[in-house]
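Shown next, in structure tokens, is the structure this report addresses.
Residue numbers (our numbering), protein chains in the order written: chain A, 1261 to 1598; chain B, 1261 to 1598.
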């Protein structure tokens, strides 16, 4: 029996918190590569918070995910059939293959990029040497641009992006302080990733308590904030911000299910002459080569630590995704497909 | 009888809205210029919204105004006694003379700057060719940096800063849309200052109504916002912001008396990949010469329109200041002292 494809589709848009009922898993014929195309068998699927935004209809920074179509997502895999001179069977590639076992791609259009797995593990190209790593690199180096001795705070510090932010900040001579949910994650952030401190937001469930904990973790105040969460977390960070502090606004997961997340005191942005900049990394492709060069070298040398949480099999993808949105994972959430 | 000085002191800090009881007017001996100093007789005193912030204790972008001290403020006047080689009796100068009839200043320390009143009226150096003008110039050209065809919105558009913002935006090929309180101010902004449109926030007293009015006034959306007000006004502007819009955060007068001014939907900053930057113009002294050169030339040629609301006599300063905070003025609020 020839292999068939298997896909996760978006079946319906969530109202509030999404559930497995929003997804549908189907069998599909193996796609045929056309002229100039390759067939890729996916080894790992990347699960990322931005996908939650795409499940909604309406205005977001990413276009809405179409209903009854394969969920969009980053993948790494190997070429199993090639009608392109650019890639041979057996080559490893990264692309946006989606939540499925196989995809076809056109190398000449940049839909897949060949990977060197001799020094960097394949899965790392979905994490620290992929979109999450470049996101961290861009927000830290291009928006926050920390000076030695400054303090950089990152929320969701135990996640795929946050972990890289803090380590890059440390390498640039800054104090790195994480915010994460629960003692285990905070221990990981400090002991495994080498942050200077980590504040457990679950132990400080209101803005006053969280601001007090940040005061202790950041005795010199906060000069840079890499924001992945928003809501009370951002309110507390702003209370401790120094003059001329910079906020790289990368995500506001506190509001992904539709809860209002007002900013309590925007006047602090003026009082402290702050800069806030929202960004989406796919709009800064020109920065990827420099970012990937630094990140790849650091991972190859073992100087950039990262953790993976791996779910097995395509059918596990929806539950793993929902768990990630609730913070059940540590580091990069992946689905292993072979 | 030799002339004496007369001063307005801060008598007490306001709780909520300030009143005349927060000020005290006193007579004082005429100050004596020391070696290297000049005695300046003030012709005009500048009243500015930032002074409200300084009346409070605690953290603001400006240091608190000391109690029982002369209210700080910009002044233009003439040298009436000189012990400095840099200035002669009769020279016109601008400085921070404060709410009083006379002050001493040291030219070598940059405390006063000599003015050319042959092409620009003396009072304009407190308005379009002074701090308000430079504030407008900096926020517009350095933060918003409009491209031809873009739309720039400015709140408090009929004020000393806002009026300049819109005219500079027009000169750079942008569409200029004001937000102001009441039909008379809006008419002034469009007919006298040449804005393309002006939205009356008093006629649209909630965020839905104001956003709808902005949609009509800004059919192409909003690319730049020069924010002087905050609160509902900023919420409405964000609803109509385009991707990559820039906010120059100059003032948030909606919150000056202590009312909370939460930002309803900060996620719009991320969705639209916006940039928000707070600034205070005294921290960008390097930009003043270029700004003043452009502004002075435009005023001299009659190509930059401005309006002055003038109160007469030092004793009228507190009431004029309180009126300005309530929006009773049009353009630049001055106190004429001679």
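Cβ atoms here follow ideal geometry from the backbone N, Cα and C, with glycine treated the same way.
Given the structure is predicted, the values throughout are model-derived calculations rather than measurements.
What are the boundary residues of the beta strand (DSSP E) that includes residue i?
i: residue 1471/A; result: Element bounds for residue 1471/A: not the beta strand (DSSP E) but the alpha helix (DSSP H), 1467 to 1477.
i: residue 1554/A; result: Counting along the chain, residue 1554/A falls outside any beta strand (DSSP E), though it belongs to the alpha helix (DSSP H) covering 1548 to 1560.
i: residue 1380/A; result: Where residue 1380/A is concerned, there is no enclosing beta strand (DSSP E), given that its DSSP letter is neither H nor E.
i: residue 1421/B; result: Element bounds for residue 1421/B: not the beta strand (DSSP E) but the alpha helix (DSSP H), 1420 to 1431.
i: residue 1592/A; result: 1592 to 1596
i: residue 1482/A; result: 1482 to 1487
i: residue 1374/B; result: 1372 to 1374
i: residue 1269/B; result: 1265 to 1270
i: residue 1335/A; result: 1335 to 1342
i: residue 1569/A; result: 1568 to 1572
i: residue 1365/A; result: 1362 to 1365
i: residue 1299/A; result: 1298 to 1306
i: residue 1417/B; result: Unbroken run through residue 1417/B: none, as it is neither H nor E.
i: residue 1531/A; result: Counting along the chain, residue 1531/A falls outside any beta strand (DSSP E), though it belongs to the alpha helix (DSSP H) covering 1527 to 1531.
i: residue 1460/A; result: 1457 to 1460
i: residue 1285/B; result: 1283 to 1288
i: residue 1355/B; result: 1352 to 1355
i: residue 1537/A; result: 1535 to 1538
Whole-angstrom Cβ separation of residue i and residue j, contact assumed at under 8 angstroms?
i: residue 1484/B; j: residue 1499/B; result: Going by Cβ atoms, the distance from residue 1484/B to residue 1499/B rounds to 15 angstroms, so no, they are not a contact pair.
i: residue 1511/A; j: residue 1534/B; result: Not confirmed; about 15 angstroms, so no contact.
i: residue 1339/A; j: residue 1300/A; result: 6 angstroms
i: residue 1600/A; j: residue 1380/A; result: Since the first residue of chain A shown is 1261 and the last is 1598, residue 1600/A is not available in this structure.
i: residue 1325/B; j: residue 1270/B; result: 5 angstroms
i: residue 1266/A; j: residue 1285/A; result: 7 angstroms
i: residue 1302/B; j: residue 1350/B; result: About 15 angstroms separates the two Cβ atoms, so there is no contact after all.
i: residue 1314/A; j: residue 1585/A; result: Residue 1314/A to residue 1585/A, Cβ: 13 angstroms. No contact.
i: residue 1566/B; j: residue 1334/B; result: About 15 angstroms separates the two Cβ atoms, so there is no contact after all.
i: residue 1513/A; j: residue 1497/A; result: Contact doesn't hold; Cβ gap of about 15 angstroms is too wide.
i: residue 1555/A; j: residue 1509/B; result: Between residue 1509/B and residue 1555/A the Cβ distance is about 33 angstroms, and since that is not below 8 angstroms, they are no contact.
i: residue 1589/A; j: residue 1398/A; result: Not quite, the Cβ-Cβ distance comes to about 23 angstroms (not below 8 angstroms), so this is no contact.
i: residue 1375/A; j: residue 1382/A; result: 7 angstroms
i: residue 1406/A; j: residue 1414/A; result: Contact flag wrong, Cβ pair sits at about 11 angstroms.
i: residue 1577/B; j: residue 1305/B; result: 6 angstroms
i: residue 1515/A; j: residue 1490/A; result: 6 angstroms
i: residue 1568/A; j: residue 1591/A; result: 6 angstroms
i: residue 1384/B; j: residue 1559/B; result: 5 angstroms
i: residue 1425/B; j: residue 1396/B; result: 4 angstroms
i: residue 1336/A; j: residue 1352/A; result: 7 angstroms
i: residue 1391/B; j: residue 1541/B; result: 6 angstroms
i: residue 1464/B; j: residue 1473/B; result: 5 angstroms
i: residue 1307/B; j: residue 1580/B; result: 6 angstroms
i: residue 1532/B; j: residue 1503/B; result: 5 angstroms
i: residue 1493/B; j: residue 1439/B; result: 6 angstroms
On the CB-based measure, 16 or more other CB atoms within 10 Å of its CB, does residue i come out buried or exposed?
i: residue 1462/A; result: exposed
i: residue 1365/B; result: buried
i: residue 1487/B; result: buried
i: residue 1263/B; result: exposed
i: residue 1282/B; result: buried
i: residue 1368/B; result: exposed
i: residue 1327/A; result: exposed
i: residue 1279/B; result: exposed
i: residue 1342/A; result: buried
i: residue 1549/B; result: exposed
i: residue 1410/A; result: buried
i: residue 1575/A; result: exposed
i: residue 1466/B; result: exposed
i: residue 1468/B; result: exposed
i: residue 1378/B; result: exposed
What are the start and end residues of the alpha helix (DSSP H) that includes residue i?
i: residue 1434/A; result: From DSSP, residue 1434/A is part of no alpha helix (DSSP H); its letter is neither H nor E.
i: residue 1447/A; result: 1443 to 1447
i: residue 1395/B; result: 1391 to 1398
i: residue 1499/B; result: 1492 to 1499
i: residue 1312/A; result: 1310 to 1315
i: residue 1583/A; result: 1577 to 1585
Check: Just by C-beta distance, which residues in the segment 1275 to 1293 of chain B are closer than 8 angstroms to chain A?
Finding: Hits within the stretch: zero.
Notebook entry, point to check: the segment 1506 to 1538 of chain B: which residues have C-beta closer than 8 angstroms to a C-beta of chain A, in chain order?
Noted result: Under the 8 angstroms Cβ criterion, the segment 1506 to 1538 of chain B contributes 1509, 1510, 1511, 1512, 1515, 1520, 1521, 1522, 1523, 1524, 1525, 1526, 1527, 1529, 1530, 1531, 1532, 1533, 1534, 1535, 1536, 1537, 1538.
Notebook entry, point to check: At a cut of 8 angstroms, does the segment 1444 to 1454 of chain B reach the segment 1418 to 1425 of chain B through at least three beta carbon pairs?
Noted result: Touching, yes.
Checklist line | Residues, ordered as in the chain, of the segment 1488 to 1501 of chain B that lie near chain A by beta-carbon distance below 8 angstroms | finding: Under the 8 angstroms Cβ criterion, the segment 1488 to 1501 of chain B contributes 1490, 1494.
Margin query: Count Cβ pairs between the segment 1453 to 1472 of chain B and the segment 1422 to 1441 of chain B that sit closer than 8 angstroms; are there 3 or more?
Written below: Contact check between the segment 1453 to 1472 of chain B and the segment 1422 to 1441 of chain B: three or more CB pairs, one atom from each, fall below 8 angstroms, which counts as touching.
Checklist line | Within 9 angstroms of chain B by C-beta, residues of the segment 1535 to 1563 of chain A in sequence order | finding: Within the segment 1535 to 1563 of chain A, contact with chain B at the beta-carbon level (separation under 9 angstroms) is assigned to 1535, 1536, 1537, 1538, 1539, 1540, 1543.
Check: Are there three or more Cβ pairs, one per stretch, closer than 8 angstroms when the segment 1518 to 1536 of chain B is compared with the segment 1524 to 1531 of chain A?
Finding: With a cut-off of 8 angstroms, the segment 1524 to 1531 of chain A and the segment 1518 to 1536 of chain B count as touching, because enough Cβ pairs lie within range.
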